[in-house]
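*Asks:* Protein chains in written order, with the working numbering: chain Z, 1117 to 1473; chain V, 1117 to 1473; chain U, 1117 to 1473; chain C, 1117 to 1473. Please see the structure below; I have some questions.
4 protein chains.
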Amino acid sequence: MNTIGSELRLTLFGTSHGPCVGAVLDGAPPGMIVDVASIQHEVDLRKPRAGIGTPRAEEDVVEVISGIVDGKSTGGPITLLVMNRDTDSRKYDRFKSVPRPGHADLTARSKYSDCVDLRGGGQFSGRMTVGLVAAGAIAKMLLEERGIRVAAFVRQVGKVRDREERDVTSGVLSRSNELRAATDEMAEAMRQEIISAREDGDSVGGVVECIADGLPIGIGEPFFDTVEGELAKMLFAVPGVKGIEFGAGFASAGMRGSQHNDPFVLVDGKVRTAKNDAGGILGGITNGMPVVLRVAIKPTASIARGQRSLDVKSGRQTDLKIEGRHDPCIAPRAVPVVEAAAALVLADLSMRGGTVD
Amino acid sequence: MNTIGSELRLTLFGTSHGPCVGAVLDGAPPGMIVDVASIQHEVDLRKPRAGIGTPRAEEDVVEVISGIVDGKSTGGPITLLVMNRDTDSRKYDRFKSVPRPGHADLTARSKYSDCVDLRGGGQFSGRMTVGLVAAGAIAKMLLEERGIRVAAFVRQVGKVRDREERDVTSGVLSRSNELRAATDEMAEAMRQEIISAREDGDSVGGVVECIADGLPIGIGEPFFDTVEGELAKMLFAVPGVKGIEFGAGFASAGMRGSQHNDPFVLVDGKVRTAKNDAGGILGGITNGMPVVLRVAIKPTASIARGQRSLDVKSGRQTDLKIEGRHDPCIAPRAVPVVEAAAALVLADLSMRGGTVD
Amino acid sequence: MNTIGSELRLTLFGTSHGPCVGAVLDGAPPGMIVDVASIQHEVDLRKPRAGIGTPRAEEDVVEVISGIVDGKSTGGPITLLVMNRDTDSRKYDRFKSVPRPGHADLTARSKYSDCVDLRGGGQFSGRMTVGLVAAGAIAKMLLEERGIRVAAFVRQVGKVRDREERDVTSGVLSRSNELRAATDEMAEAMRQEIISAREDGDSVGGVVECIADGLPIGIGEPFFDTVEGELAKMLFAVPGVKGIEFGAGFASAGMRGSQHNDPFVLVDGKVRTAKNDAGGILGGITNGMPVVLRVAIKPTASIARGQRSLDVKSGRQTDLKIEGRHDPCIAPRAVPVVEAAAALVLADLSMRGGTVD
Amino acid sequence: MNTIGSELRLTLFGTSHGPCVGAVLDGAPPGMIVDVASIQHEVDLRKPRAGIGTPRAEEDVVEVISGIVDGKSTGGPITLLVMNRDTDSRKYDRFKSVPRPGHADLTARSKYSDCVDLRGGGQFSGRMTVGLVAAGAIAKMLLEERGIRVAAFVRQVGKVRDREERDVTSGVLSRSNELRAATDEMAEAMRQEIISAREDGDSVGGVVECIADGLPIGIGEPFFDTVEGELAKMLFAVPGVKGIEFGAGFASAGMRGSQHNDPFVLVDGKVRTAKNDAGGILGGITNGMPVVLRVAIKPTASIARGQRSLDVKSGRQTDLKIEGRHDPCIAPRAVPVVEAAAALVLADLSMRGGTVD
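Pasting the structure below:
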């Protein structure tokens, strides 16, 4: 359903091709300085870029409906609203009978009957993440007040993988290029990979990495509400995510314990670990090291070249050509979404239970 | 915290070195035939095996306290209890001051103060999964009544990876070998990998794959309560899990859309896909294909060889040697836990919202 | 917080003196015929009436933002929005230092700091119930499809109490008078009571009764999610409610068991009770008889006559005169709110667990 | 279902005529001094007393299974277990076909099918409150550490009503008499009322009042998670409760605003109110005055004299005589349950959001 979170709770509303989309963020503490321009800036980062993104042109102006007065949070629910302007719904009718491979057309119609709203992807659209990014901007401010920074960048596009170890600064720096890569060199290589896919009428997948530093020891509520579990639940809501890993992640499977265990050391009088294969989490609780996660993002389902599908009413096999406006790679635009999602979860968890550092 | 689930809700109780551990499973429908021997059988599968497991010897007899009368569920909460017998708590005191690398000692003590109960791992112990497996056995019965089977097996141990495509039968067959591998050949290769690690005073990681088939189209509650998100949240509670992926998972990042998209086809009059890179889920909702997931499991944190740690009170670097009873690889014993966890989530989701096939 | 419900989930958004208020209703089944005019009609019933209500003049036009297309629910979240037009915020500043007796001024400022938004009552305003009534209209449609009717009326205003036994028809008929009384005679007597209070520069309390019939046996999820508990939690969100009772309610305290127990009888082949002191609920579960509840509503806190208060900053005792637009009795306007609240809870509960009749 | 609470979460387990009942209390802070004798003392107060209670003789020894080590809370879930000994299940079979008026027999069987466990009332039994009282004892310790006291007493039995204004001390003093009345005189009058009912083969209802003082301003999470709403939801789980009111409660309906509004005054430099018709809550948030609530408790449904019921299988009207062990008035034994329930809710709410005094 459309609500998530415990002490900091997010509800998304609206739909892709309705009048607006938006978010309610409930539980934010009062008296926070909330810079609306910063919210707008995060939302702008989510927009498609020339050359590598969809030409759907939305202005995406964030309106504050409640919860922020005179630049400060009131303690009441924060309502954020963004109008939809550039909607072209005509072509979506057809997908109820001929579902697009890789999309939710079939599953949505089966679950919600023929009355389902698939215009622009309906509630499954990446457009629902506009509200998530706007709310996440506030969660980031809340975390920053506590000395916690969250930033993401593109770790991989197709065959191009950034193999350097990175920290939260890499995420911040990635804002300077449209690919959201950690360096300009990586950005250029990734751009070529995307352009090559687009030229083939195709799309390509990627990996987004997100790092949070400054977290105290003690965030997370085991047994079930672990840092990993809460982040994972939120991040699988981001359209296209097919996997998530923390620290060494899947590489752990091939490691020995003596390699994987992070030895404890003292750094500036604080207990830290000498390396971070745990990804900043032990027993579901933050251990004072940066939380490091990666999400796998599948190639955009909508591609220009023809695909095999089925007319589900007649049962006849058919060829499907999807026209319209689509990103050949979602990863760069997913970066601010992953950042926002992670910030919302970490802020919520940091408002629960007690922490000591 | 220790409760999870919506319409089918699980609460774990007890602690590793207390009198007992157990589970409350709330919301199970009345009138289900519940074979207590089957519950016991699942719990037995979780026990360590000669040669590759810890010598901690627990009988693990499941007692039904409530919710099952005359072999049938009553509709009331099902309480399941397992006594702890073979506990040896003396050696755990030390870990509050010298935390074991890879364990929750440091994070637990920081979060919960010196009063934290770390005997046998306390609430972070793999022993808490006894109740989870017992409750999962009931979830599996509930799913079986609806024609849904859930089974897991070990996909990888260290450098040994099973590269064949597998289905739910592989999980069922894996019960015939102690490694929980899909075939006896794989089992033998994995056993060698584990023995080799143990001989080095070390441990090794692995990957468990879990498959559910027979699911109708339409299970899952987007935007936030997706099939992936709910499974991930539950599975990150299983000690040692560092990553989760669905279908093609992280491999999706290197794929093109034309490769990754699963074409729709008609099979026996039902809409299915020609392959299953989506892992049975589109838009967070089951699509009628098997749900396929894999979890990465880190190498056991407790190893026989000496490790670097820190006395957190004095701040002095120290060498730590962990004695006691530990599995050199958790993956085989994690198989029934992953199966149970997945079954609990799928049963809960299948009791929510509407489904059509 | 601003979200409630399990399978049918309501989130309220906006604030009294912001641009709009609204509601997100998540989980409504797809394919329901949703008459937007009926939603509007319910919201109109909440408006103040000439002579006995506040002159704040809001048009309260309900806009459907998502979840209803071509007159049918899509299965996605239903977003409903109502603009605020007639806001006059100037006079509220003062209440942060001189809190109004009977209002949330003091508690809100203490909880949320000086940054709290008290304009028009902020998130504590009765205006937040506009979204609740709009969403409740949809819950009522959902219940009506299942043969369940919910209707409320004013049982008491000040000293005037309607002592007749009533059924759901009384609630429906009460729509014909502005007092929302069961009969025109009662309406006239109650009107006199309200006018008399207003003439004294005062206000008066009341009791609203709500009845739901057509409910099958078996709705409610004990031990904690009982029909009474869920209804009570929702109804105490309605501003001004100070008590709730079911069936014989507080009168039960003075009764004998032989009086109070409702004997079982057969009516048209169905098991019913000969009377209904249980208020349609046994063991937290509906018993096939109408659910009958009453809520006590305190006299409007804002009164024209001067009151004693305190300047909380200087600590000096002060006299407070509240100007502005206020209902001398909230009960009649609370009727559609209570109806909506009850309908939302009953619809949610009827979507959970299994029911048999 | 059997779990309630947000940051302090309670799960009840077991069943009336199974091997044991118990509770899991999750989220209690670490390092609390927990006196197990005090838990036992609260549970003992729940036991029936000679002359006015059921002769069911349970020892009710509380065993701590987890979460308390060396007299201190560990921060992990606290598991408490009480064995059932004195169970006599034979007579309950019959109630599936001939439901007892005022009991959950019919509704439970309809909801949960013939497989429902009605022995001793099953999950609807007052016996489930043993775990609630034990967990509540810990919640009371947690509140006491913050200077908050919660105590209840019997306000009314049948026609005998205590009309004095009372405070939290009345609740504490009521422990000295078996009736749990505020004074010995009231106790004697109430005892006569109960004995008179019992002599008639009948039972009688009552009212329990509960007062919490020492609460800071600012507890409660409006719009939906109000202090009243959360307390009400919990208290309607207590078997026999038919109504709840706060402060002036239902009497508010007959009051004028000028009477009901509590003027703000300064007491020892703190903002308080001159009287407490609000019951310590404004806008769903505590206002620094004692929280005062009353619950109406219906007369015990099981009475010795014959009653009319129905054989639901044959549809034939039948006379029912209930033998066995029953309290002629539940109110005195409900006192520690109401206290525990209120303490659990207030402790949970005080762990959520921020408070200022």
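All residues carry an ideal CB built from backbone N, CA and C; glycine is no exception.
Which residues in the same chain have their Cβ closer than 7 Å to the Cβ of S1286 (chain V), if we skip the five residues on either side of it in sequence?
*Replies:* The residue given as residue 1286 (chain V) occupies position 170 in the second sequence. Correct list, in chain order: F1269, A1298.
*Asks:* Thinking C-alpha only, which one of V:K1188, V:I1155, V:V1323, V:G1322 is nearest K1256 (chain V)?
*Replies:* Sequence index remark: in the second sequence, residue 1256 (chain V) carries index 140 (1-based). If we check each option's Cα against that of K1256 (chain V), V:I1155 comes out closest.
*Asks:* Start and end of the beta strand (DSSP E) containing R1410 (chain C)?
*Replies:* On the fourth sequence, residue 1410 (chain C) is found 294 positions in, with the first residue counted as 1. Run containing R1410 (chain C): 1407-1413, per the beta strand (DSSP E) assignment.
*Asks:* Excluding the 5 residues preceding and the 5 following P1452 (chain Z) in the sequence, name in chain order all residues of the same chain whose CB lies nearer than 6 Å to its CB.
*Replies:* As a working note, residue 1452 (chain Z) is residue 336 in the first sequence. Same-chain partners within the cutoff: E1158, L1161, R1162, V1249.
*Asks:* On a CA-only basis, which of Z:T1402, Z:A1305, Z:D1427 is nearest L1382 (chain V)? Give me that one, please.
*Replies:* Taking the first residue of the second sequence as position 1, residue 1382 (chain V) is located at position 266. Comparing Cα-Cα distances from L1382 (chain V) to each of Z:T1402, Z:A1305, Z:D1427, the minimum goes to Z:D1427.
*Asks:* Taking only runs of the alpha helix (DSSP H) that begin and end inside the region 1308-1384 of chain C, which ones reach a length of at least 4 residues, in chain order?
*Replies:* With a minimum length of 4 residues, the continuous alpha helix (DSSP H) runs that stay inside the region 1308-1384 of chain C are 1343-1351, 1373-1376.
*Asks:* If the cut is a Cβ gap below 7 Å, which residues of chain U does P1193 (chain Z) touch?
*Replies:* For the purposes of this step, residue 1193 (chain Z) is identified with residue 77 of the first sequence, where counting begins at 1. Within 7 Å Cβ-Cβ: N1118, F1129, Q1239.
*Asks:* Assuming P1146 (chain Z) contacts S1189 (chain Z) (C-beta within less than 8 Å), just tell me the rounded distance between them.
*Replies:* As a first step, residue 1146 (chain Z) must be located in the first sequence, where it is residue number 30. As a first step, residue 1189 (chain Z) must be located in the first sequence, where it is residue number 73. The Cβ separation is near 6 Å, so the contact holds.
*Asks:* For T1195 (chain V), which residues in the same chain have their Cβ closer than 7 Å to its Cβ, ignoring the five residues on either side in sequence?
*Replies:* Counting from 1 along the second sequence, the entry for residue 1195 (chain V) is found at position 79. G1138, V1140, I1181, S1182, G1183, listed in sequence order.
*Asks:* Give me, in chain order, the residues of the same chain whose beta-carbon lies closer than 8 Å to that of L1222 (chain Z); leave out the 5 immediate sequence neighbours on both sides.
*Replies:* Walking along the first sequence from the start, residue 1222 (chain Z) turns up at place 106. Excluding positions up to five away in sequence, the list reads P1215, V1428.
*Asks:* What is the rounded straight-line gap between the Cα of M1350 (chain C) and the Cα of G1345 (chain U)?
*Replies:* The residue you call residue 1350 (chain C) lines up with position 234 of the fourth sequence. The residue you call residue 1345 (chain U) lines up with position 229 of the third sequence. Answer to the nearest angstrom: the Cα atoms are 7 Å apart.
*Asks:* May I ask which residues mark the beginning and end of the alpha helix (DSSP H) holding Q1272 (chain V)?
*Replies:* If you number the second sequence from 1, residue 1272 (chain V) lands on position 156. It is not in any alpha helix (DSSP H) - Q1272 (chain V) instead sits in the beta strand (DSSP E) that spans 1265-1273.
*Asks:* For E1294 (chain Z), which residues from the same chain have a beta carbon less than 6 Å from its beta carbon, with the 5 sequence-adjacent residues on both sides left out?
*Replies:* As a first step, residue 1294 (chain Z) must be located in the first sequence, where it is residue number 178. Here the set comprises R1165.
*Asks:* Is I1401 (chain Z) close to chain V, meaning its C-beta is less than 7 Å from at least one C-beta of that chain?
*Replies:* Locating residue 1401 (chain Z) in the first sequence gives position 285, counting from the first residue. So yes, I1401 (chain Z) belongs to the interface.
*Asks:* Of all the CB atoms in chain V, is at least one closer than 7 Å to the CB of E1337 (chain Z)?
*Replies:* Residue mapping note: residue 1337 (chain Z) aligns to position 221 of the first sequence, counting from 1. Yes, E1337 (chain Z) counts as interfacial toward chain V.
*Asks:* Looking only at C-alpha atoms, which of V:M1199, V:T1119, V:F1211 sits nearest to I1438 (chain V)?
*Replies:* For the purposes of this step, residue 1438 (chain V) is taken as the residue at position 322 of the second sequence. Ranking V:M1199, V:T1119, V:F1211 by Cα distance to I1438 (chain V) puts V:F1211 first.
*Asks:* Going along the region 1260-1275 of chain C in order, which residues come within less than 7 Å of chain U, judged by CB to CB distance?
*Replies:* Against chain U - using a Cβ distance shorter than 7 Å - the residues of the region 1260-1275 of chain C are Q1272, G1274, K1275.
*Asks:* Kindly indicate which three-state DSSP category G1121 (chain V) falls into: helix, strand or coil?
*Replies:* Indexing the second sequence from 1 puts residue 1121 (chain V) at position 5. Reduced to three states, the DSSP call for G1121 (chain V) is coil.
*Asks:* Just the chain C side, please: which residues come within less than 9 Å of E1361 (chain U) by C-beta, in chain order?
*Replies:* In the third sequence, the residue the question calls residue 1361 (chain U) occupies position 245. Neighbours of E1361 (chain U) on chain C, chain order: K1358, G1359, I1360, E1361, F1366, A1412.
*Asks:* Can you have a look at V1411 (chain U) and say buried or exposed, based on whether 16 or more other CB atoms are within 10 angstroms of its CB?
*Replies:* As a working mapping, residue 1411 (chain U) is identified with position 295 in the third sequence. Looking at its Cβ environment, which holds 16 or more other Cβ atoms inside 10 Å, V1411 (chain U) is buried.
*Asks:* Identify the residues that DSSP records as bridge partners of G1422 (chain U): which are they?
*Replies:* Position 306 of the third sequence, counting from 1, holds the residue named residue 1422 (chain U). Answer by DSSP bridge pairing: none, since G1422 (chain U) is not bridged.
*Asks:* In angstroms with no decimal places, state the Cα-to-Cα distance between V1472 (chain U) and S1418 (chain Z).
*Replies:* Numbered from 1 along the third sequence, position 356 holds the residue referred to as residue 1472 (chain U). Numbered from 1 along the first sequence, position 302 holds the residue referred to as residue 1418 (chain Z). Any reading at V1472 (chain U) needs caution, since the residue's pLDDT is 38, under 50, leaving its predicted position unreliable; the model's value is listed next. Roughly 46 Å between the two C-alpha positions.
*Asks:* Using CA atoms only, rank isn't needed, just tell me which of Z:D1384, Z:H1219, Z:P1406, Z:M1117 is closest to V1284 (chain Z).
*Replies:* By one-based count along the first sequence, residue 1284 (chain Z) stands at place 168. Cα-wise, what sits closest to V1284 (chain Z) is Z:P1406.
*Asks:* What are the uninterrupted segments assigned as alpha helix (DSSP H) that are 4 or more residues long and contained completely in the region 1219-1287 of chain U, given in chain order?
*Replies:* Listed in chain order, they are 1221-1228, 1245-1261.
*Asks:* Leaving aside the five residues before and after L1436 (chain Z) along the sequence, list all residues of the same chain whose C-beta is less than 8 Å from its C-beta, in chain order.
*Replies:* Looking up residue 1436 (chain Z) in the first sequence gives position 320. Once the five neighbours on either side are set aside, the close Cβ partners of L1436 (chain Z) are V1214, R1216, P1217, G1422, Q1423, R1424, S1425.
*Asks:* Would you grab the beta carbon distance between G1400 (chain Z) and V1461 (chain Z) for me? Rounded to a whole angstrom, and I think it's under 8 Å.
*Replies:* Within the first sequence, numbered from 1, the residue matching residue 1400 (chain Z) stands at position 284. Within the first sequence, numbered from 1, the residue matching residue 1461 (chain Z) stands at position 345. 13 Å between Cβ atoms; not a contact.
*Asks:* Between P1415 (chain U) and S1319 (chain U), how many whole angstroms is the CB-CB distance? I'm expecting something under 8 Å.
*Replies:* Position 299 of the third sequence, counting from 1, holds the residue named residue 1415 (chain U). Position 203 of the third sequence, counting from 1, holds the residue named residue 1319 (chain U). Confirmed, Cβ separation roughly 4 Å.
*Asks:* Three or more C-beta pairs closer than 8 Å, one from the region 1364-1374 of chain Z and one from the region 1384-1396 of chain Z: is that the case here?
*Replies:* Segments in contact, yes.
*Asks:* On the DSSP letters alone, give me the boundaries of the beta strand (DSSP E) that S1182 (chain V) sits inside.
*Replies:* In the second sequence, residue 1182 (chain V) corresponds to position 66, counting from 1. 1178-1182 is the span of the beta strand (DSSP E), which, as asked, contains S1182 (chain V).
*Asks:* On the CB-based measure, 16 or more other CB atoms within 10 Å of its CB, does E1123 (chain Z) come out buried or exposed?
*Replies:* As a working mapping, residue 1123 (chain Z) is identified with position 7 in the first sequence. Buried, because 16 or more other Cβ atoms sit within 10 Å of the Cβ of E1123 (chain Z).
*Asks:* Could you please give the first and the last residue of the uninterrupted alpha helix (DSSP H) stretch that includes A1463 (chain U)?
*Replies:* Locating residue 1463 (chain U) in the third sequence gives position 347, counting from the first residue. Segment 1447-1466, the alpha helix (DSSP H) holding A1463 (chain U).
*Asks:* Quick one: using the 10 Å Cβ neighbour count with 16 as the cut-off for buried, is Q1474 (chain Z) buried or exposed?
*Replies:* Chain Z is shown from 1117 up to 1473; residue 1474 (chain Z) falls before or after that span and cannot be answered.
*Asks:* Check the Cβ of I1181 (chain Z) against every Cβ in chain U and list those closer than 8 Å, keeping chain order.
*Replies:* Taking the first sequence and counting its residues from 1, the one referred to as residue 1181 (chain Z) is at position 65. Under the 8 Å cutoff, chain U gives F1129, G1130, T1131, G1134, P1135, C1136.
*Asks:* What residues in the region 1436-1456 of chain C have a beta carbon less than 7 Å from any beta carbon of chain U?
*Replies:* Of all residues in the region 1436-1456 of chain C, none has a Cβ within less than 7 Å of some Cβ in chain U.
*Asks:* Three-state secondary structure (DSSP) at K1207 (chain C)?
*Replies:* Locating residue 1207 (chain C) in the fourth sequence gives position 91, counting from the first residue. The answer is helix: DSSP assigns K1207 (chain C) an H, G or I state.
*Asks:* Pull out every residue of the region 1140-1160 of chain C whose Cβ sits closer than 8 Å to any Cβ of chain V, in chain order.
*Replies:* Cβ contacts with chain V: V1140, D1142, G1143, P1146, G1147.
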